[in-house]
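Step one of this worksheet: look at the structure below.
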Amino acid sequence: MLMLTLIAFVLYMTFHLKSFFLAFLSIANLLFAIPVTLWIYTYIIGVEYFSTIHASVLIVVVGIGADDVFVFHHIWMKSHKLKIDKNNAR
């Protein structure tokens, strides 16, 4: 079921971002962030239990990370329309 969800997510991101490369790297970024976060949570902060509420928070955080990909892509695509006044630039 997880693989089906990941495939659907990659297809949706590929359609929206118009790039399989960006979609794949975005998913890889999210998947690589989870073990690092759990390591920090367990060994640095020292929390030894993991309950259902922690799993739901993990899902929300991954969702926010996925949303950031779309926001950053939109800003990148619109950035070429910015006009920079070179006389006032510092």
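The numbering used here puts the first residue of the sequence shown at 3, with every later residue one more than the last.
Backbone N, C-alpha and C define an ideal beta-carbon position, used for all residues, glycine too.
If you're wondering where the values come from, they're calculated on a predicted model, not measured in any experiment.
1. Express the C-alpha separation of Val64 and Leu4 in angstroms, rounding to a whole number.
2. On the premise that Leu19 lies in contact with His82, defined as a C-beta separation below 8 Å, what is that separation, rounded to the nearest angstrom?
3. From Thr44 to Ser53, what does the alpha carbon distance come to, in whole angstroms?
4. For the alpha helix (DSSP H) that Leu84 lies in, which residues bound it at each end?
5. What's the C-alpha gap between Met15 and Ile61?
6. Could you pull out every residue in the same chain whose Cβ sits closer than 7 Å to the Cβ of Leu33, ignoring the five residues on either side in sequence?
Well, looking at it:
1. Residue numbering aside, residue 4 sits at position 2 when the sequence shown is read from its first letter. Residue numbering aside, residue 64 sits at position 62 when the sequence shown is read from its first letter. In this structure, the CA atom of Leu4 is about 14 Å from the CA atom of Val64.
2. Locating residue 82 in the sequence shown gives position 80, where the first residue counts as 1. Locating residue 19 in the sequence shown gives position 17, where the first residue counts as 1. His82 to Leu19, Cβ: 16 Å. No contact.
3. Translated into the one-based positions of the sequence shown, residue 44 becomes position 42. Translated into the one-based positions of the sequence shown, residue 53 becomes position 51. Straight-line Cα distance between these residues: approximately 13 Å.
4. Position 82 of the sequence shown, counting from 1, holds the residue named residue 84. Looking at the DSSP string, Leu84 is not in any alpha helix (DSSP H), and its letter there is neither H nor E.
5. What you label residue 15 is simply residue 13 of the sequence shown in a count that begins at 1. What you label residue 61 is simply residue 59 of the sequence shown in a count that begins at 1. Rounded to whole angstroms, Met15 to Ile61 spans 18 Å at the Cα level.
6. As a working mapping, residue 33 is identified with position 31 in the sequence shown. Excluding positions up to five away in sequence, the list is empty.
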